[in-house]
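Residues in the sequence shown are numbered from 57 upward in steps of one, following the working numbering. Glycine is no exception: its CB is placed at the ideal position from the N, C-alpha and C atoms. Note that the structure is a prediction, hence the values are computed from the model and not measured. For reference, the structure is listed below as structure tokens.
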Amino acid sequence: MSFNLAQVLKELGITEEFIEASQMPPCEECTDLVDAGLDLFDRPQQMTLRTFEAWCEMKTAAKSNGLELNLVSAHRSIEYQCGLIHRKLEEGRLIADILLVNAIPGYSEHHTGRALDLHAGDGKPLESAFENHPAFAWLCDNAAEFNFHLSYPKDNPLGIDYEPWHWCFSPGD
57 MSFNLAQVLK ELGITEEFIE ASQMPPCEEC TDLVDAGLDL FDRPQQMTLR
107 TFEAWCEMKT AAKSNGLELN LVSAHRSIEY QCGLIHRKLE EGRLIADILL
157 VNAIPGYSEH HTGRALDLHA GDGKPLESAF ENHPAFAWLC DNAAEFNFHL
207 SYPKDNPLGI DYEPWHWCFS PGD
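Structure follows, in structure tokens:
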């Protein structure tokens with residue numbers, strides 16, 4: 057039995073109107089991934105080789121500046137993204153609210169193996185308070201040197217809430 061994304065999106069209540077309103081480009085799922093170690097929660101993570109190399113360099117540079125960057129999430133399959141949304145729907149959340157913080161399956165940068173959710177310090181991960189940590193300021197000043205950019209800044213046009221923790225590698229071929 058094959059995975060039918062269009063059918064699953066329909067079952068999740070994600071209509072064409074939601075897709076058009078998001079203004080996010082489709083993201084192809086990468087299958088050429090390398091193991092990137094464990095995340096903050098001791099879950100194995102994967103990403104593209106070039107992303108992994110850049111992540112290691114950036115993490116080392118941050119550490120040399122006294123900052124410990126931690127990985128919270130990297131590659132997510134389209135099916136996994138569907139599962140995230142399904143669980144939130146089962147909790148009683150509305151699809152419109154879910155799509156403010158989770159990309160539509162098939163449209164998440166995490167599918168590409170180049171997006172990383174990062175954390176530093178003792179605070180709760182994946183919270184906007186990360187913008188107040190010195191690691192965020194360091195990322196804003198230095199991430200571009202490693203070809204990473206903040207995907208969802210404040211007031212972004214993509215329909216995703218501000219995510220100071222979400223950084224994506226752009227190879228810059």
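Helix, strand or coil: which one does DSSP assign to Val128?
Locating residue 128 in the sequence shown gives position 72, where the first residue counts as 1. Looking at Val128 - three-state DSSP - the assignment turns out to be strand.
Query - Assigned secondary structure, Gly139 (DSSP; H/G/I helix, E/B strand, else coil) - result: Position 83 of the sequence shown, counted from the first residue, corresponds to residue 139. Correct three-state label for Gly139: helix.
Exposure label - Met57; buried when at least 16 CB within 10 Å:
Position 1 of the sequence shown, counted from the start, is the residue given in the question as residue 57. Bear in mind that a pLDDT of 38 at Met57, under 50, signals an unreliable position, so the number given afterwards is only what the model happens to contain. Burial call: exposed.
Handout entry: Contact under 9 Å by Cβ, Ala176 with Leu123
Key = Working through the sequence shown from its first residue, we reach residue 176 at position 120. Working through the sequence shown from its first residue, we reach residue 123 at position 67. Cβ atoms of Ala176 and Leu123: closer than 9 Å.
**Item:** For Trp111: DSSP bridge partner residues
**Value:** Numbered from 1 along the sequence shown, position 55 holds the residue referred to as residue 111. Its beta-bridge partners do not exist; DSSP assigns none.
Report task. Quick one: grab the DSSP three-state call for Pro100. Result -> Along the sequence shown, read from residue 1 onward, the residue named residue 100 stands at position 44. Three-state DSSP puts Pro100 in a strand.
Bridge partners - Leu174, DSSP secondary structure assignment:
By 1-based counting over the sequence shown, the position of residue 174 is 118. Its beta-bridge partners are Leu127.
task: May I ask you to report which of helix, strand or coil DSSP gives Trp194?
output: Reading the sequence shown from its first residue, position 138 is the one you call residue 194. Here Trp194 sits in helix by DSSP.
In this structure, how does DSSP classify Asp91 when only helix, strand and coil are distinguished?
In the sequence shown, residue 91 corresponds to position 35, counting from 1. The answer is strand: DSSP assigns Asp91 an E or B state.
Check your understanding: By a C-beta neighbour count over all protein chains shown, 10 Å radius and 16 as the cutoff for buried, is Gly169 buried or exposed?
Key -> Residue mapping note: residue 169 aligns to position 113 of the sequence shown, counting from 1. Result: buried.
Would you kindly work out how many angstroms separate the C-alpha atoms of Asn212 and Leu182, rounded to a whole number?
Stepping through the sequence shown from its first residue, residue 212 is reached at position 156. Stepping through the sequence shown from its first residue, residue 182 is reached at position 126. Going from the Cα of Asn212 to the Cα of Leu182 covers about 17 Å.
Checklist entry - Is DSSP giving Leu206 helix, strand or coil here? => result Counting from one through the sequence shown, the residue named residue 206 turns up at place 150. Of the three classes helix, strand and coil, the one that applies to Leu206 here is strand, per DSSP.
**Request:** Evaluate contact between the segment 86–97 and the segment 112–128, counting only Cβ atoms and requiring at least three cross-stretch pairs below 8 Å.
**Result:** yes
- Query: Do you know how far the Cα of Asn203 is from the Cα of Asp153?
  - Reply: Here residue 153 refers to the residue found at position 97 of the sequence shown. Here residue 203 refers to the residue found at position 147 of the sequence shown. The alpha-carbon atoms of Asp153 and Asn203 are separated by roughly 31 Å.
Is the beta carbon of Leu127 less than 9 Å from the beta carbon of Leu174?
Translated into the one-based positions of the sequence shown, residue 127 becomes position 71. Translated into the one-based positions of the sequence shown, residue 174 becomes position 118. Leu127 is a Cβ neighbour of Leu174, given a cutoff of 9 Å.
Those runs of the beta strand (DSSP E) which lie wholly inside the segment 61–90 and span at least 3 residues
none
Same chain, Cβ closer than 6 Å to Gln137, five either side skipped, listed in chain order: As a first step, residue 137 must be located in the sequence shown, where it is residue number 81. Within its own chain, the residues whose Cβ lies closer than 6 Å to the Cβ of Gln137, once the five positions on either side in sequence are excluded, are Pro161 and Ser164, listed in chain order.
Would you tell me roughly how many angstroms separate the C-alpha atoms of Lys119 and Leu125, rounded to the nearest one? As a first step, residue 119 is located in the sequence shown; it is residue number 63 there, counting from the start. As a first step, residue 125 is located in the sequence shown; it is residue number 69 there, counting from the start. Rounded to whole angstroms, Lys119 to Leu125 spans 8 Å at the Cα level.
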